[in-house]
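K.L.:
Note that our numbering has the sequence shown beginning at 68, numbered continuously upward.
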Amino acid sequence: MIAAGVANSPMPAWSQEKGGPLSKQDVADVAAYVAGLTGGTEPIAPAPSVAPLPITPAPGVVGDPSAGSVVFAQNCAVCHGAKGEGRIGVTLQKNWAGINPAAYIRSTVEKGVTGSAMPAWLNTSGGPLTSKDIDNVSAFILTALKTSGGATPTPAPVAGPIGFGAGMAILALVVVLLGAVAYGYYRRA
Numbered sequence: 068m069i070a071a072g073v074a075n076s077p078m079p080a081w082s083q084e085k086g087g088p089l090s091k092q093d094v095a096d097v098a099a100y101v102a103g104l105t106g107g108t109e110p111i112a113p114a115p116s117v118a119p120l121p122i123t124p125a126p127g128v129v130g131d132p133s134a135g136s137v138v139f140a141q142n143c144a145v146c147h148g149a150k151g152e153g154r155i156g157v158t159l160q161k162n163w164a165g166i167n168p169a170a171y172i173r174s175t176v177e178k179g180v181t182g183s184a185m186p187a188w189l190n191t192s193g194g195p196l197t198s199k200d201i202d203n204v205s206a207f208i209l210t211a212l213k214t215s216g217g218a219t220p221t222p223a224p225v226a227g228p229i230g231f232g233a234g235m236a237i238l239a240l241v242v243v244l245l246g247a248v249a250y251g252y253y254r255r256a
C-alpha cells in the first residue's frame, strides 16, 4: 500500500518504481515503523462474523446474493446502512433503473466514485474485494435491497382544454395559413 498507493484515494505511490521518492528499503522501513506504532500488524478488532442470509437469486443476476449479504455487512453497511437505507453513502434501497443496473452497480463498486467518499473496492484497484465478491454484493444489492413496491407506474396523460380532433384541425389551419404566406412571399420575389 505504501509502495503502490491506493487508486482513487488521497494515498499516493511512494516507491521509486511507481514514481515516488522512496527506495525499496525506505518503503520497508516506513512499513516497519507504522506496524510498530500499533504493536504489530494484528487488527484492533476482528471483523464480525456474519451468517449469510438465505436469499433466492433474481433471474439473470450474476453472483450469489447470500454470499453478497456477508460482503455487504462486512464492507458496505458502515456507510450505506445495514439495510441499504443510506447513511454516509447513498441509499441502495431502490428499484435500479437503466438498461443494465448490474453493470452500473458493479462498475461503481469496482472503481468507486471520483470526488466522493466512495472508494474503489476491487483488489486490483487497491480495495479488499475480489471480482467474485463484487459479483456477489451486486447480486445482493439488486435482489435483497430493492424496494418491494415495484416501479412507480407512469401516470395516464391528462386531457387538455381541447380534444384531439380540435387540436388537429387547428394545426391543419396553421399549416395552410403558413403555406399561403410562404406562397405569396416567394411569388413576389
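From the three backbone atoms N, C-alpha and C, an ideal C-beta is built for every residue, glycine too.
On a predicted model such as this, the values are computed, not experimentally measured, just so you know.
Can you confirm whether the segment 179-197 touches the segment 70-77 when touching is taken to mean that 3 or more C-beta pairs between the two stretches lie within less than 8 Å?
P.N.:
Taking 8 Å as the limit for Cβ pairs, the verdict is that the segment 179-197 does touch the segment 70-77.
K.L.:
In this structure, does DSSP put SER174 in helix, strand or coil?
P.N.:
helix
K.L.:
Tell me whether ASP200 is buried or exposed, calling it buried when 16 or more other Cβ atoms sit within 10 Å of its Cβ.
P.N.:
With 16 or more other Cβ atoms within 10 Å, it is buried.
K.L.:
Taking only the alpha-carbon atoms, compute the straight-line gap between LEU240 and ALA247 and give it to the nearest angstrom.
P.N.:
11 Å
K.L.:
Does DSSP put LEU212 in a helix, a strand or coil?
P.N.:
Reduced to three states, the DSSP call for LEU212 is coil.
K.L.:
Secondary structure at LEU238, three-state DSSP: helix, strand or coil?
P.N.:
helix
K.L.:
Just to confirm, does PRO132 get its C-beta within under 6 Å of one of the non-hydrogen atoms of the ligand NAP?
P.N.:
No copy of the ligand NAP occurs in the structure displayed, which carries no ligand at all.
K.L.:
Work out the CA separation of VAL128 and ALA206 for me, nearest whole Å.
P.N.:
6 Å
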